[in-house]
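Asker: Residue numbering for the sequence shown follows my numbering, starting at 29 and increasing by one per position. By construction, the Cβ of each residue, glycine as well, lies at the ideal position given by its N, Cα and C atoms. Once you've had a glance at the structure underneath, I'll fire off some questions.
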Amino acid sequence: MSRKHHVRFTKTKSKSKSKSPMEEKPPKMTERLHGQVTTKAIVYGNTAEAFGYKRYLFDFEADLNPRETDGHTHAWTVFVKPYENEDMSVYVRKVQFKLHESYENAVRTIDHPPFEVTETGWGEFEVQIRIYFVDQNEKPVTAFHYLRLFQPVFNAGAGRSVVAAEFYDELVFKDPTPMMQRALTSTSAKKERSRRFYNDFEDKKQRIVENVEQAKQEIGKEIEDLRDALRDAYKLIVQHRDEIEGGDSGPVTPNPN
């Protein structure tokens, strides 16, 4: 399993205890489909909605409803979703979310869709997301997402405003095992994508392509301008050189003294 571009994803290294030479065993050889590359598009991030007030009661009311004294202001959900309409659990075994240490049971493991955690809070923090695959020969990958509570805001209709921090990424499986390849290809995605995200990633991708194409054209024009400037500079150098050489070889005026 390898990753493509996306800086947020890193391979997870497993910690192993050192063994004596007598305990060392040769690594188990796993068959790989060399030359095979399969990509799965995903979206990860969070949504959040404000309560409209800060959860806090006076001390004498705390015994009646202690949960309401935590000062939380938002409800949020952090998630990993397939970009296409497909069953992600066919190739993902579980997703582990590591929340802020102030949360009880800060490491949450979800082993079935939807791969998400819903909580309440008052502050933003970084969430570690680790994705494990059905074939344990494929190393898990880790993403880091900064949970957002205030921006960017989207209109969810019916007078509701929702914060949605969503990021498109791709899991790239290079030379997967036969088992992993079967899992990756056994689920068929619908060609029609439902409007499941607040961000229009197709529009974003199109704009990125257009921006890249425009940048290529601008760079090409700048390169051509530089070539023209170099040609003009070379012509000027040749002209001055010829003038200097011509002056040195001309007739010498006698000294009247």
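Between which residues of its own chain and Arg-269 is the CB-CB distance below 6 Å, once the five residues before and five after are set aside?
Answerer: The residue you call residue 269 lines up with position 241 of the sequence shown. There are no such residues.
Asker: When you compare the CB positions of Ser-214 and Ala-78, do they come within less than 9 Å of one another, or not?
Answerer: Taking the first residue of the sequence shown as position 1, residue 214 is located at position 186. Taking the first residue of the sequence shown as position 1, residue 78 is located at position 50. No; because the gap between Cβ atoms is not below 9 Å, this pair is not in contact.
Asker: Taking the alpha-carbon positions, what's the Gly-158 to Phe-125 distance?
Answerer: Residue mapping note: residue 158 aligns to position 130 of the sequence shown, counting from 1. Residue mapping note: residue 125 aligns to position 97 of the sequence shown, counting from 1. Note that residue 158 is Arg in the sequence shown here, rather than Gly. Whole-angstrom Cα-Cα distance: 7 Å.
Asker: Assuming His-62 contacts Arg-83 (C-beta within less than 8 Å), just tell me the rounded distance between them.
Answerer: Position 34 of the sequence shown, counting from 1, holds the residue named residue 62. Position 55 of the sequence shown, counting from 1, holds the residue named residue 83. So it is not a contact: roughly 56 Å between Cβ atoms.
Asker: Could you give the distance in angstroms between the alpha-carbon of Asp-98 and the alpha-carbon of Ala-243?
Answerer: Position 70 of the sequence shown, counting from 1, holds the residue named residue 98. Position 215 of the sequence shown, counting from 1, holds the residue named residue 243. Between Asp-98 and Ala-243, the C-alpha separation is close to 50 Å.
Asker: Quick one: using the 10 Å Cβ neighbour count with 16 as the cut-off for buried, is Glu-129 buried or exposed?
Answerer: Here residue 129 corresponds to residue number 101 of the sequence shown, with the count starting at 1. Exposed is the call here.
Asker: Count the other CB atoms within 10 Å of the CB of Glu-166; is the residue buried (16 or more) or exposed (fewer)?
Answerer: Walking along the sequence shown from the start, residue 166 turns up at place 138. Glu-166 comes out buried.
Asker: Please report how far the alpha carbon of Ala-104 lies from the alpha carbon of Leu-212, in whole angstroms.
Answerer: If you number the sequence shown from 1, residue 104 lands on position 76. If you number the sequence shown from 1, residue 212 lands on position 184. Reading off the sequence shown, one finds Trp at residue 104, where the question assumed Ala. Cα-Cα distance, rounded: 30 Å.
Asker: Report buried or exposed for Arg-224, applying the criterion of at least 16 other Cβ atoms within 10 angstroms of its Cβ.
Answerer: Locating residue 224 in the sequence shown gives position 196, where the first residue counts as 1. Classification for Arg-224: exposed.
Asker: Taking buried to mean at least 16 other C-beta atoms within 10 Å of its own C-beta, is Tyr-262 buried or exposed?
Answerer: By one-based count along the sequence shown, residue 262 stands at place 234. Under this definition Tyr-262 is an exposed residue.
Asker: Where are the beta strand (DSSP E) runs, 3 residues long or more, that stay fully inside the segment 129-168, in chain order?
Answerer: Runs found: 135-138, 143-149 and 154-161.
Asker: Return the CA-CA distance between Asp-260 and Ile-251, expressed in angstroms with no decimal places.
Answerer: On the sequence shown, position 232 is the one that residue 260 refers to. On the sequence shown, position 223 is the one that residue 251 refers to. In a straight line, the C-alpha of Asp-260 is about 14 Å away from that of Ile-251.
Asker: With distances taken Cα to Cα, identify the nearest neighbour of Ala-134 among Leu-264, Phe-143, Glu-147 and Lys-122.
Answerer: Your numbering for residue 134 matches position 106 in the sequence shown. Measuring from the Cα of Ala-134, the nearest candidate turns out to be Glu-147.
Asker: Am I right that Ala-192 and Thr-67 are in contact with their C-beta atoms under 8 Å? What's the rounded C-beta distance?
Answerer: Taking the sequence shown and counting its residues from 1, the one referred to as residue 192 is at position 164. Taking the sequence shown and counting its residues from 1, the one referred to as residue 67 is at position 39. Not quite, the Cβ-Cβ distance comes to about 24 Å (not below 8 Å), so this is no contact.
Asker: So what does DSSP say about Val-197, is it helix, strand or coil?
Answerer: Taking the sequence shown and counting its residues from 1, the one referred to as residue 197 is at position 169. The residue asked about is misnamed: residue 197 is Asp in this sequence, not Val. Here Asp-197 sits in strand by DSSP.
Asker: Closest to Pro-180 by C-alpha separation, out of Asp-139, Gln-209, Asn-227 and Glu-246, would be which residue?
Answerer: Residue 180 sits at position 152 when you count from the first residue of the sequence shown. Among Asp-139, Gln-209, Asn-227 and Glu-246, the Cα nearest to that of Pro-180 is on Asn-227.
Asker: In the structure shown, what three-state DSSP assignment does Asn-239 receive?
Answerer: Sequence index remark: in the sequence shown, residue 239 carries index 211 (1-based). Asn-239 falls in the helix class under three-state DSSP.
Asker: Which same chain residues, not among the five before or five after Glu-59, have their C-beta less than 8 Å away from its C-beta?
Answerer: If you number the sequence shown from 1, residue 59 lands on position 31. Closer than 8 Å at the Cβ level, and outside the excluded window around Glu-59, lie Thr-205 and Pro-206.
Asker: Out of Tyr-81, Phe-153, Asp-163 and Gln-209, which has the shortest C-alpha to C-alpha gap to Leu-177?
Answerer: Numbered from its first residue, the sequence shown carries residue 177 at position 149. The option with the nearest alpha carbon to Leu-177 is Phe-153.
Asker: Please report the straight-line C-alpha distance between Gln-234 and Phe-195, rounded to a whole angstrom.
Answerer: Position 206 of the sequence shown, counted from the first residue, corresponds to residue 234. Position 167 of the sequence shown, counted from the first residue, corresponds to residue 195. So the two alpha carbons sit approximately 16 Å from each other.
Asker: Going straight from the alpha carbon of Glu-246 to that of Asp-253, what length do you get?
Answerer: The sequence position of residue 246 within the sequence shown is 218, counting from 1. The sequence position of residue 253 within the sequence shown is 225, counting from 1. If you take the alpha carbons of Glu-246 and Asp-253, they lie about 10 Å apart.
Asker: In whole angstroms, what separates the C-alpha of Ala-69 from that of Glu-112?
Answerer: By one-based count along the sequence shown, residue 69 stands at place 41. By one-based count along the sequence shown, residue 112 stands at place 84. Going from the Cα of Ala-69 to the Cα of Glu-112 covers about 7 Å.
Asker: Please classify Ser-30: does DSSP put it in a helix, a strand, or coil?
Answerer: Translated into the one-based positions of the sequence shown, residue 30 becomes position 2. Note that Ser-30 scores 41 on pLDDT, short of 50, meaning its location in the model is unreliable and no value can be drawn from it.
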